[in-house]
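To start, the structure itself, in structure tokens.
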Amino acid sequence: TYWTPNINIFRDPRWGRGQETYGEDPYLTGTLGDAFVRGLQGNDPKYLKAAACAKHYAVHSGPEPLRHVFNTTVSAFDLWDTYLPAFEKLVTESKVAGVMCAYNAFQGQPCCANDLLMTDILRKKWNFTGYVTSDCWAIDDFYKNHKTHPDAASASADAVFHGTDLDCGTEAYKGLITAVKTGIIKEKDIDVSVKRLFMIRFRLGMFDPSSMVKYANTPITVLENSEHKAHALKMARESMVLLRNEFNTLPLKKNLKKIVVLGPNADNSISVLGNYNGIPSKITTVLAGIREKVGKQTEVVYQQAVSFTSDTLLSYLDINSEYRTDGAQGFKSEYFSNISLEGNPVLTRTESRLENIWQEGEKISDKLTANNFSARYSTVFKPATTGSITFELNADDGYRFIINGKKVIDAWSRNRWGAKTYQLETLKDSVYNLVIEYWQGEGSANIRLKAGTFIKTDFRALNRAHSDADAFIYVGGISPQLEGEEMRVDYPGFSGGDRTSIMLPSVQTALMKSLKENGKPVVFVMMTGSAVAIPWEAENIPAILNAWYGGQASGEAVADILFGDYSPSGRLPVTFYASDKDLGDFSDYSMANRTYRYFKGKPLYGFGYGLSYSSFLYEKFVAPTVLKNGSGTEVSVRVSNKGTFRSDEVVQLYQLNNQKTIKSAAKALKGFKRISLEPGESKIVKFSLKASDLSYIDQNGSRKFYKGNITLAFYNYSKKATYSKNVASKRTKEAIVE
Numbered sequence: 019t020y021w022t023p024n025i026n027i028f029r030d031p032r033w034g035r036g037q038e039t040y041g042e043d044p045y046l047t048g049t050l051g052d053a054f055v056r057g058l059q060g061n062d063p064k065y066l067k068a069a070a071c072a073k074h075y076a077v078h079s080g081p082e083p084l085r086h087v088f089n090t091t092v093s094a095f096d097l098w099d100t101y102l103p104a105f106e107k108l109v110t111e112s113k114v115a116g117v118m119c120a121y122n123a124f125q126g127q128p129c130c131a132n133d134l135l136m137t138d139i140l141r142k143k144w145n146f147t148g149y150v151t152s153d154c155w156a157i158d159d160f161y162k163n164h165k166t167h168p169d170a171a172s173a174s175a176d177a178v179f180h181g182t183d184l185d186c187g188t189e190a191y192k193g194l195i196t197a198v199k200t201g202i203i204k205e206k207d208i209d210v211s212v213k214r215l216f217m218i219r220f221r222l223g224m225f226d227p228s229s230m231v232k233y234a235n236t237p238i239t240v241l242e243n244s245e246h247k248a249h250a251l252k253m254a255r256e257s258m259v260l261l262r263n264e265f266n267t268l269p270l271k272k273n274l275k276k277i278v279v280l281g282p283n284a285d286n287s288i289s290v291l292g293n294y295n296g297i298p299s300k301i302t303t304v305l306a307g308i309r310e311k312v313g314k315q316t317e318v319v320y321q322q323a324v325s326f327t328s329d330t331l332l333s334y335l336d337i338n339s340e341y342r343t344d345g346a347q348g349f350k351s352e353y354f355s356n357i358s359l360e361g362n363p364v365l366t367r368t369e370s371r372l373e374n375i376w377q378e379g380e381k382i383s384d385k386l387t388a389n390n391f392s393a394r395y396s397t398v399f400k401p402a403t404t405g406s407i408t409f410e411l412n413a414d415d416g417y418r419f420i421i422n423g424k425k426v427i428d429a430w431s432r433n434r435w436g437a438k439t440y441q442l443e444t445l446k447d448s449v450y451n452l453v454i455e456y457w458q459g460e461g462s463a464n465i466r467l468k469a470g471t472f473i474k475t476d477f478r479a480l481n482r483a484h485s486d487a488d489a490f491i492y493v494g495g496i497s498p499q500l501e502g503e504e505m506r507v508d509y510p511g512f513s514g515g516d517r518t519s520i521m522l523p524s525v526q527t528a529l530m531k532s533l534k535e536n537g538k539p540v541v542f543v544m545m546t547g548s549a550v551a552i553p554w555e556a557e558n559i560p561a562i563l564n565a566w567y568g569g570q571a572s573g574e575a576v577a578d579i580l581f582g583d584y585s586p587s588g589r590l591p592v593t594f595y596a597s598d599k600d601l602g603d604f605s606d607y608s609m610a611n612r613t614y615r616y617f618k619g620k621p622l623y624g625f626g627y628g629l630s631y632s633s634f635l636y637e638k639f640v641a642p643t644v645l646k647n648g649s650g651t652e653v654s655v656r657v658s659n660k661g662t663f664r665s666d667e668v669v670q671l672y673q674l675n676n677q678k679t680i681k682s683a684a685k686a687l688k689g690f691k692r693i694s695l696e697p698g699e700s701k702i703v704k705f706s707l708k709a710s711d712l713s714y715i716d717q718n719g720s721r722k723f724y725k726g727n728i729t730l731a732f733y734n735y736s737k738k739a740t741y742s743k744n745v746a747s748k749r750t751k752e753a754i755v756e
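Residue numbering for the sequence shown follows the working numbering, beginning at 19 and increasing consecutively.
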């Protein structure tokens with residue numbers, strides 16, 4: 019089973035987990051979520067390829083630090099207009115195998131024991147027969163944080179009564195034993211959940227001979243084969259959004275003499291993967307992609323220059339010769355076959371440096387694999403000089419650093435927030451006993467110790483050093499180590515996994531301002547999982563490419579776009595606001611003045627926006643002038659490539675609300691299709707709309723059909739044009755949401 023997709027609505031760009039979602043629009047989220055579930059679960063009539071799980075049900079999108087105690091309340095209109103449509107589609111149409119209920123409470127009841135969400139809607143109205151799992155330790159929150167239940171027995175019984183079949187946790191459902199003994203719940207009630215859980219295992223073929231199960235015979239060689247690698251590149255290319263390209267700055271020529279690449283994401287293999295990811299065999303960073311793309315005559319110079327939030331960087335020093343153990347250089351390494359350093363080590367050896375990377379399940383030795391183990395690394399550090407030295411320690415999963423018996427870094431709980439540092443004042447030839455303790459659960463494993471000194475970057479000196487550059491490519495933005503799930507992060511603009519400001523960190527803008535003084539083209543490649551406000555860059559940097567967290571082929575895709583081997587065609591799934599002033603209270607779940615559907619201001623870049631190296635002509639918009647009662651319709655438009663690049667165009671169909679008496683979205687996405695066009699080529703693009711596509715949710719949460727005129731529109735961002743038609747609707751039939 020895979021606990022994905024995340025189909026929560028990305029209603030506020032400050033939410034750290036928004037990067038996992040499909041954006042801010044319910045239709046887009048439902049459509050992409052549907053494709054994901056069908057692809058993951060397969061098309062066999064009997065067996066599942068894998069069991070997908072729609073999460074987090076429901077009305078869940080931050081703030082991360084409050085999710086264990088937070089109670090959301092929304093109107094019936096917002097519930098059915100925004101928060102539930104994607105879940106309804108995946109349950110009733112995609113037939114998703116599982117649903118994960120959220121941490122937060124909704125209207126006074128925890129989501130995993132919520133009368134309206136779990137019983138009335140999910141199990142009864144939508145007739146969901148699959149399994150429900152809690153988010154991890156969400157049942158514990160009933161009695162520890164929400165305080166809606168007195169103990170584990172009452173909490174676990176209530177969750178099971180409401181159809182939460184599985185507790186992702188270690189404590190709460192043990193309370194079912196007490197609940198049965200005290201008569202709170204009966205075994206037959208628990209059996210309902212047990213049956214659902216076994217049904218998923220039956221559908222996965224776990225109890226049948228592998229010869230009967232289609233997907234059980236899939237060879238391991240399928241994983242990351244050439245077709246899949248090509249698809250990773252295709253996905254990366256198609257997702258990237260060209261935000262700005264003044265003076266046709268892009269594409270760059272491949273035969274430039276000197277290109278300077280800068281920024282914290284230029285050579286960063288962590289950022290490209292996002293916050294939940296597998297571990298590919300190869301990751302291409304932007305720097306690597308650029309170096310592979312240009313000719314031998316082009317000098318590519320790299321300098322990080324800044325971190326995400328600071329112009330002072332750790333300059334690494336090679337001090338490995340100053341680490342000694344038993345007369346040899348390096349560390350005494352002791353490995354244990356458990357995650358708690360218990361018992362005797364199963365492996366002891368000397369390692370010349372502490373820099374280990376293991377793939378999941380990789381053998382460390384004949385006695386140990388890189389899963390569910392721990393290690394202790396010990397050495398004597400005898401510095402060759404007097405002064406300050408900063409140690410930088412990074413590992414996955416947990417670690418702690420002890421110097422002369424004092425714990426100076428404690429990241430023993432699961433770590434996904436990047437490296438931690440400790441500055442030590444040293445005396446030449448003094449002795450410092452260093453001990454690093456480490457544990458690893460599942461997944462890939464790594465641990466690395468480096469040391470150095472902090473140095474402030476001089477922007478003017480950087481400019482002077484590269485005054486002969488033909489172009490600067492700055493690769494910045496933010497990182498999944500700054501935004502994500504409930505993180506121990508506290509930097510300016512970031513807190514607890516969320517963002518406290520959507521502005522690009524000021525040090526990055528300062529660097530680009532300095533680079534622009536050179537008078538050479540500056541290209542900004544931005545990596546982010548959420549909308550970033552870049553008002554200065556949007557006016558002053560000639561070329562801006564939003565690369566998101568593009569995956570293992572991200573660097574190759576960026577290089578393809580920057581140097582013209584691929585015409586960008588991605589479109590924004592979220593609104594890019596101009597500043598923090600455009601945002602309301604993060605904790606307010608009302609959709610008023612949120613997302614492109616209800617925002618009344620002027621965005622920096624709107625939902626659906628994206629430029630191309632080509633230009634497109636839209637014409638011959640065909641739509642009926644009158645819609646029959648309760649029927650759907652078809653519309654079409656002719657799209658022509660008027661540019662010189664072969665390019666994709668994402669054709670977007672919207673319905674505009676021109677009826678002032680109806681409180682509905684100002685415009686709402688109703689369809690989209692990606693087409694590829696050679697220069698001079700034209701295609702007719704058709705959309706089939708169901709009756710429900712041309713309806714709205716009223717203030718009571720009921721679905722109704724429009725009466726009177728409906729306006730349908732296509733948006734052509736290459737020409738900043740709108741093509742619309744009014745359609746007279748004679749519908750009188752109303753539909754109630756069930």
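Yeah, the Cβ is synthetic: ideal placement off N, Cα and C, and Gly gets one too.
Check, Outcome
"Please classify E574: is it buried, with 16 or more other beta-carbons within 10 angstroms of its beta-carbon, or exposed?", "buried"
"I want to know whether the stretch 511-522 touches the stretch 464-474 - three or more CB-CB distances under 8 Å.", "no"
"So, does the stretch 251-263 touch the stretch 562-572, judging by three or more C-beta pairs under 8 Å?", "yes"
"Can we say the stretch 579-598 touches the stretch 314-332, given the rule of at least three CB pairs closer than 8 Å?", "no"
"Look at the alpha carbon of Q677 and the alpha carbon of Y714, and state the distance between them as a whole number of angstroms.", "11 Å"
"Helix, strand or coil for P110? Go by DSSP, reduced to three states.", "Here residue 110 is Thr; the residue named in the question, Pro, does not match the sequence. Correct three-state label for T110: helix."
"Among the candidates S548, R32, C130 and N61, whose CA atom is the shortest distance from the CA of K73?", "C130"
"Out of N734, Y735 and T729, which one is the CA nearest neighbour of N744?", "T729"
"Rounded to whole angstroms, what's the CA-CA distance from K165 to D159? Just pull it up for me.", "8 Å"
"Among all the DSSP beta bridges, which residues are the ones paired with I491?", "V279 and V541"
"Identify whether K523 lies in helix, strand or coil by the three-state DSSP scheme.", "It is worth fixing the name first, because residue 523 is Pro in this sequence and not Lys. DSSP places P523 in coil when its eight states are reduced to three."
"Could you tell me the alpha carbon to alpha carbon distance between E38 and A684, rounded to whole angstroms?", "26 Å"
"Going by alpha carbons, who is nearest to S633 out of L102, N243, N266 and N235?", "N266"
"Out of Q570, G698, R692 and G582, which one is the CA nearest neighbour of S287?", "Q570"
"Output the boundary residues of the alpha helix (DSSP H) element that contains K247.", "S244 to S257"
"Nearest to D447 by alpha carbon, out of Y440, A402, S431 and R418?", "A402"
"Please determine if the stretch 344-353 and the stretch 487-496 are in contact, where contact requires at least 3 C-beta pairs separated by less than 8 Å.", "no"
"Mind checking who P128 pairs with in its DSSP beta bridge?", "A123"
"Just the C-alpha distance for Q125 and W155, rounded to the nearest angstrom, thanks.", "20 Å"
"What residue range does the alpha helix (DSSP H) around Y45 cover?", "P44 to Q59"
"How far does the alpha helix (DSSP H) with F639 in it reach, from first residue to last?", "Looking at the DSSP string, F639 is not in any alpha helix (DSSP H); the run it does join, the beta strand (DSSP E), is F634 to V640."
"Could you pull the DSSP bridge partners for T90 from this structure?", "F124"
"Would you mind giving the Cβ-Cβ distance between F419 and L411, rounded to the nearest angstrom? I have them listed as a contact below 8 Å.", "5 Å"
"Which term fits V657, buried or exposed, when burial requires 16 or more other beta carbons within 10 angstroms of its beta carbon?", "buried"
"If you follow the alpha helix (DSSP H) that E205 is part of, which residue opens it and which one closes it?", "E205 to R221"
"Could you give the DSSP three-state label for E410: helix, strand or coil?", "strand"
"Would you report the Cα separation of K143 and S211, rounded to the nearest angstrom?", "19 Å"
"Are the stretch 595-605 and the stretch 525-537 in contact at 8 Å, needing three or more beta carbon pairs?", "no"
"Between which two residues does the beta strand (DSSP E) harbouring A561 extend?", "A561 to N564"
"What whole-angstrom Cβ distance do L66 and A115 have, given they're in contact under 8 Å?", "6 Å"
"What does the alpha-carbon distance come out to for the pair L452 and T397?", "5 Å"
"Which residue or residues does DSSP assign as beta-bridge partners of D508?", "S513"
"Alpha carbons only, please: which of S720, I427, T662 and S665 is nearest the one belonging to S682?", "S720"
"Out of K206, N235, V703 and E503, which one is the CA nearest neighbour of V668?", "V703"
"Under a three-way DSSP split, which group does V364 fall into?", "coil"
"Within the stretch 268-329, note down every full beta strand (DSSP E) run reaching 3 residues or more, in order along the chain.", "276-280 and 317-321"
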